[in-house]
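The opening position of the sequence shown corresponds to residue 1 in the numbering used here, with each subsequent residue numbered one higher.
Quick reminder that beta carbons are idealized off the backbone N, C-alpha and C, glycines included.
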Amino acid sequence: MRLSLRGAAQVLTPPEPGLPYLRGDRARELRLEPGSVAVAGGRIAALDDDAGADVVVDAAGCAVVAGFVDCHTHLPFAGWRAGEYEQKVTGVPYEEIARSGGGIAASARALAQADDDAVLAQAETLAREMLVHGTTTLEAKTGYGLSVEGELRSVDLARRLADRVAQPLTVTGLFAHSVPPGVERQAWMDEVDGLAASCDVDALDIYVESVAFANADLARLGEIAAREGVPLRAHVEQFNTNRSVPVALEAGARSVDHLACLHPDDLAPLARSECAAVLLPGAEVLGAEEVAPGRALADAGAICVLATDCNPGTSPVQSLPLVIGMAVRRYGWSVREALAAVTLNAAWVLGRSDDTGSIEPGKRADLLVLDGPAEHVPYRFGRNPVAAVVAAGELVWVRPDQAWRVR
Ligand code: NIG
Ligand code: FE
1 MRLSLRGAAQ
11 VLTPPEPGLP
21 YLRGDRAREL
31 RLEPGSVAVA
41 GGRIAALDDD
51 AGADVVVDAA
61 GCAVVAGFVD
71 CHTHLPFAGW
81 RAGEYEQKVT
91 GVPYEEIARS
101 GGGIAASARA
111 LAQADDDAVL
121 AQAETLAREM
131 LVHGTTTLEA
141 KTGYGLSVEG
151 ELRSVDLARR
161 LADRVAQPLT
171 VTGLFAHSVP
181 PGVERQAWMD
191 EVDGLAASCD
201 VDALDIYVES
211 VAFANADLAR
221 LGEIAAREGV
231 PLRAHVEQFN
241 TNRSVPVALE
251 AGARSVDHLA
261 CLHPDDLAPL
271 ARSECAAVLL
281 PGAEVLGAEE
291 VAPGRALADA
301 GAICVLATDC
311 NPGTSPVQSL
321 PLVIGMAVRR
331 YGWSVREALA
341 AVTLNAAWVL
351 GRSDDTGSIE
361 PGKRADLLVL
371 DGPAEHVPYR
381 FGRNPVAAVV
391 AAGELVWVRP
401 DQAWRVR
């Protein structure tokens, strides 16, 4: 199948081909220039029109950008926790909710009670909603199993989800999400070690916080990840400053996620490293968290990334355009910086930036047609700008009011 996205007002391209990620200065050099994109055999064929294309999308007035990569979600999970959100906004702190049986434990109970079909159906619906908002690659995590059997089931559910969604999906073993009730932290880390050895996952993750795991556990998970040959990721500095970033860097982590309470002394070493700073403004805004130092990280040259953190507790958010809107306002980022953070840099976190995340000939044809200029994405806040989605070269979504563009 040959496809042409013809006559766009803006095509987003990197400052040079072959870059694995864009640090602050390079992100600012992203180009948004008029043009067309030709697709053949599932790949980007040329930054040009294809006069003989089987399908043409009239992209007049549109921006064509790389498909978004959501590198931090907690799919699949069961049900929601709207009641907790009301508690939170009316003044009960997250840690208190967690300590009184809510939080992760509540979602673990819901998962244990739900049958596989119900969990997969909910996650599939969410992945579809993400697709309509431009997400063409996503990550799923375990973490609501809270027992060895539960986590094994979570890995299995995530793998089965991958077969049911339009997007490529990577699976992260967040076995160290919460210490199961009645189990010692160290004893659970022994189980985490066993799970990591026996499960087929694409990365390992841990939640370091007063209500969860400690820096020593992060260091240990780093050794486990190195032994298993998978990237280490870590939820750190979300509610408190635990100085987990130096530990993650020492362990060679691929990403540190959240960072609302990043210690100022840890910013420069993080920015110098190849460990990505994954910022999650959905969780920050809805949890009334501190503001991650997004501007300072970008200025210091960090590999800055945005993701939804889609989960039933801290961030029940599916839309990366909404996340871009929050990030631009909250961190003082330009639209180019935000776009780099949901495309090439997010693909880097998942180890996929050689194949997706930017518009370059030869890469997978994961492309979005936005219904206006890229600058409108954050500015027209809360609105979905995605007119059409191309995934692996196929036109998988056209918004009904934009159907006239396709011929
Ligand atoms: O990324 N912080 C830890 N984990 C999730 C929240 C999980 C939950 O509350 O269900 C997060 O925010
Ligand atoms: Fe998370």
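Cβ pair residue i, residue j closer than 9 Å
i, j, result
"residue 69", "residue 343", "yes"
"residue 282", "residue 309", "yes"
"residue 410", "residue 77", "As shown, the chain starts at 1 and ends at 407. That puts residue 410 outside it, with no answer to give."
"residue 300", "residue 267", "yes"
"residue 157", "residue 200", "no"
"residue 408", "residue 38", "Residue 408 cannot be examined here, being either before or after the span of the chain that is shown, 1 to 407."
"residue 407", "residue 49", "no"
"residue 15", "residue 29", "yes"
"residue 231", "residue 253", "yes"
"residue 196", "residue 218", "no"
"residue 317", "residue 350", "no"
"residue 399", "residue 391", "no"
"residue 347", "residue 327", "no"
"residue 185", "residue 162", "no"
"residue 143", "residue 72", "no"
"residue 137", "residue 294", "no"
"residue 125", "residue 320", "no"
"residue 132", "residue 384", "yes"
"residue 221", "residue 257", "no"
"residue 172", "residue 233", "yes"
"residue 409", "residue 179", "With the chain covering 1 to 407 only, the question about residue 409 has no answer from this structure."
"residue 374", "residue 44", "no"
"residue 2", "residue 82", "no"
"residue 303", "residue 338", "no"
"residue 66", "residue 367", "yes"
Residue range of the unbroken beta strand (DSSP E) whose run includes residue i
i, result
"residue 303", "Note, residue 303: premise wrong, no beta strand (DSSP E); not H, not E."
"residue 10", "2-13"
"residue 394", "394-398"
"residue 194", "Segment 185-198 is the alpha helix (DSSP H) holding residue 194; no beta strand (DSSP E) there."
"residue 235", "232-236"
"residue 64", "63-66"
"residue 244", "Residue 244 -> no beta strand (DSSP E), and no H or E assigned at all."
"residue 156", "First-last for residue 156: 148-164, but that is the alpha helix (DSSP H), not the beta strand (DSSP E)."
"residue 258", "255-258"
"residue 201", "It is not in any beta strand (DSSP E) - residue 201 carries neither H nor E in the DSSP assignment."
"residue 56", "55-58"
"residue 387", "386-391"
"residue 368", "367-370"
Residue i: CB within 8 Å of a non-hydrogen atom of the ligand FE
i, result
"residue 311", "yes"
"residue 257", "yes"
"residue 203", "no"
"residue 141", "yes"
"residue 277", "no"
"residue 263", "no"
"residue 280", "yes"
Residue range of the alpha helix (DSSP H) that includes residue i
i, result
"residue 99", "94-99"
"residue 222", "215-228"
"residue 280", "Element bounds for residue 280: n/a, residue is neither H nor E."
"residue 83", "82-89"
"residue 251", "Residue 251 -> no alpha helix (DSSP H), and no H or E assigned at all."
"residue 174", "Looking at the DSSP string, residue 174 is not in any alpha helix (DSSP H); the run it does join, the beta strand (DSSP E), is 169-176."
"residue 377", "376-379"
beta-carbon residue i near the ligand NIG non-hydrogen atom, thresh 8 Å
i, result
"residue 107", "yes"
"residue 207", "yes"
"residue 238", "yes"
"residue 314", "yes"
"residue 173", "no"
"residue 372", "no"
"residue 91", "no"
"residue 103", "yes"
"residue 212", "yes"
"residue 283", "yes"
"residue 133", "no"
"residue 295", "no"
"residue 144", "yes"
"residue 99", "no"
"residue 376", "no"
"residue 408", "The shown model of the chain, from 1 to 407, leaves out residue 408, and the question about it has no answer."
"residue 81", "yes"
Interface flag, residue i vs chain D, CB-CB below 9 Å
i, result
"residue 354", "Protein chains in the displayed structure number just one, and chain D is not present."
4-residue-minimum alpha helix (DSSP H) runs that sit fully inside the segment 113-144, ordered along the chain: DSSP runs (the alpha helix (DSSP H)) wholly in the segment 113-144: 116-132.
Beta strand (DSSP E) segments (min. 3 residues) lying fully within the segment 20-46: Correct list: 31-40 and 43-46.
Unbroken stretches of the alpha helix (DSSP H), 4 residues or longer, contained in the segment 317-345: Segments of the alpha helix (DSSP H) lying fully in the segment 317-345: 320-331 and 335-342.
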